Each structure stands twice: as C-alpha cells, then as structure tokens.
C-alpha cells in the first residue's frame with residue numbers, strides 16, 4: 122500500500138473518531154462506581170473549609186500565647202513595659218506615622234444657634250490631604266472649656282448625620298467644645314466619585330474603605346496609618362483653639378468611631394478620658410462570629426505580634 126493510500130486511511134479514521142466524539146453523549150462511569158476519593162475520610166469531609174480552619178487554629182494559638190504572657194505580668198514595671206511594647210507594635214504594623222506638617226486651618230463658615238455655634242473647618246492632616254470638620258462651641262459659661270474629639274463611624278452622612286448632630290449639640294450646650302471630622306471616604310471626603318454620573322462609585326462607606334485599603338496594602342501601607350493620623354491632627358487643631366482646656370481632653374465615638382477612639386487613646390497621651398462605643402471585643406469572638414471588618418480595622422501582623430483588641434485599652 123503506497124504512502125498516499127495510508128495517509129487517506131489515517132485521515133478517515135481520525136475524522137470518524139472526531140465525529141463520534143462530537144455527536145456522542147458523555148461517557149459515564151459504570152453504574153454504582155463512586156469516584157469521590159474524599160468520601161469516608163473525616164479529615165477531608167469539609168475540604169472547602171480546610172484552609173480557614175487551619176488559619177483559625179493558628180490565630181487561636183497566637184491568642185492563647187498572648188493570654189499566657191498577660192497572666193505572667195505581676196508588677197507595675199512589667200505592665201508599663203508591656204504598654205510601651207504594644208504601642209511600638211501597633212505603630213510598626215500601620216507603617217509608622219507621617220511627619221507633622223502645617224495644618225493650614227481655615228474656618229469657611231459659621232452657624233449661630235441658641236446656646237452654641239458651629240464652625241465649618243478645613244485643615245490639612247498631610248500636605249494636600251484635606252480634612253473637613255465641624256467645631257461645636259458653647260455660648261454659655263467661660264472658657265477654657267473641656268473638649269471632646271468625636272471620630273465618626275461608617276454612617277453615610279458622616280458628620281451631618283442627625284443622630285451625631287443631636288449628641289454634639291447636647292455636649293456643646295453642656296459646656297464642652299467638640300470637634301468632629303469626616304473620615305477619609307465619607308461625607309465631604311469621598312474618594313471614588315464619578316463626575317460624569319455625579320454619584321458615589323463605591324456605594325457605601327465600608328466599600329470605599331475597602332477600595333482605599335487595598336490600594337494601601339498594594340503599596341506596603343495600611344489605611345489605619347491615615348485614619349489614625351487624621352485623628353491626631355484633628356486633636357492638634359482642637360488644642361490650638363484658645364477656647365479649649367488642654368488638660369481636659371476626652372475622646373469618644375461609635376462603631377468605626379469607637380475603633381478610632383480605641384486607636385487614638387492607645388497612641389496619644391493628650392487624651393485623658395476615652396469611651397469607645399460598639400467596638401472593643403476580642404479577636405477570639407470576632408473570628409468565630411462576623412470575622413474581620415474594614416481595612417483600617419485590620420493591622421497585619423496584629424495577632425502574630427501577640428496583640429488583641431484589649432491591648433488598646435491596656436495601652437491607654
């Protein structure tokens with residue numbers, strides 16, 4: 122048989138096989154044959170959860186190690202040393218703090234109300250990074266007044282939210298100066314804005330923080346570095362006001378504002394009283410329930426560094 126004939130026969134066989142494969146139904150295993158290689162193995166019965174269970178095991182071990190070290194503290198000197206270590210580890214995990222630069226504050230408007238007034242303030246926490254804030258000032262009593270820094274949570278209205286306005290008005294009418302400011306990605310500081318459609322691209326403050334947080338992680342930073350520094354510079358501005366008694370500074374906030382209250386009170390000695398609301402828990406419970414939250418609320422390698430949320434309280 123010459124080469125041409127052999128080639129034609131081979132081509133015919135290949136074409137026939139191709140047609141069979143294209144037109145035939147799926148080839149099924151023999152009836153009753155079980156191809157599940159993981160069946161019956163307790164170790165692999167929840168294979169989709171293997172990685173998360175492994176990571177949970179590591180995290181719980183690290184938390185247990187922290188608890189063991191905490192129980193060994195027995196003197197004031199050991200506690201003081203632990204506080205310094207906690208502060209240092211927190212600062213390292215967020216990438217340290219920026220250089221203190223001029224605030225360049227401006228009062229761009231004033232609202233006169235019965236018993237108090239509100240000043241609309243803009244300052245720069247870093248060069249070109251503008252922070253929008255409202256300063257509530259009492260009209261009764263005599264300065265200097267005790268003051269409160271009020272970091273905000275994730276409410277979409279931010280400093281304009283009606284609940285916080287009522288609270289801050291109450292503070293001012295009772296003789297407190299109060300400064301509240303928009304977190305980055307909220308209020309007047311939205312970052313992901315579509316100018317064509319005139320709307321917020323992210324759709325929510327938590328999504329906005331996640332987007333910014335990922336950008337920070339990709340450049341080796343942490344969003345908490347910026348949110349903490351915004352709070353410290355807000356405190357700088359508050360203390361620059363002649364109406365404020367610098368020896369009587371408090372800090373309080375709810376949810377994400379509770380987070381920032383815990384961070385700031387742990388890292389800034391100028392805060393004398395702190396009341397974080399809806400934040401302090403423990404990573405043990407957090408991991409077993411709702412899991413990690415917004416980008417600025419996660420500071421890797423927090424657990425590996427032997428830290429837990431109560432350390433913010435202990436460092437205060």
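Residue numbers (this note's numbering): 122 to 437.
Yeah, the Cβ is synthetic: ideal placement off N, Cα and C, and Gly gets one too.
The model shown is predicted, which means the values in this text are computed figures rather than measured ones.
| Check | Outcome |
| --- | --- |
| Same chain, Cβ closer than 8 angstroms to residue 413, five either side skipped, listed in chain order | 407 and 419 |
| Where residue 431 sits in the DSSP three-state scheme | helix |
| Residue-chain proximity (residue 381, chain B), Cβ-Cβ < 8 angstroms | Within the model displayed, chain B is absent; a lone protein chain is all it includes. |
| CB of residue 391 within 8 angstroms of CB of residue 356, strictly | yes |
| Residue 249 versus residue 222: straight-line alpha-carbon distance, rounded | 11 angstroms |
| Cβ-Cβ distance between residue 93 and residue 388 below 8 angstroms | This structure cannot speak to residue 93, because the chain is shown only from 122 to 437. |
| Buried versus exposed call for residue 237 [16 or more other C-beta atoms within 10 Å across all chains shown] | buried |
| DSSP state of residue 409 mapped onto helix, strand, coil | helix |
| Which residues DSSP lists as bridging residue 234, in chain order | 237 |
| Residues near residue 401 by beta carbon distance below 8 angstroms, same chain, minus five either side | 379, 383, 430, 431, 433 and 434 |
| Unbroken stretches of the alpha helix (DSSP H), 4 residues or longer, contained in the segment 364 to 424 | 377 to 388 and 404 to 409 |
| Nearest residue (CA-CA) to residue 279, options 258, 252 and 293 | 252 |
| Span separating the alpha-carbon of residue 150 from that of residue 404 | Confidence at residue 150 is low in this model, with a pLDDT of 48, below 50, so its placement is unreliable and no value can be given for it. |
| Alpha-carbon to alpha-carbon, residue 226 and residue 263 | 24 angstroms |
| Secondary structure of residue 305, DSSP reduced to three states | coil |
| Anticipated Cβ contact below 8 angstroms, residue 266 with residue 364, distance rounded | 6 angstroms |
| Own chain partners of residue 425 with C-beta closer than 8 angstroms, once the 5 adjacent residues on each side are dropped | 183 |
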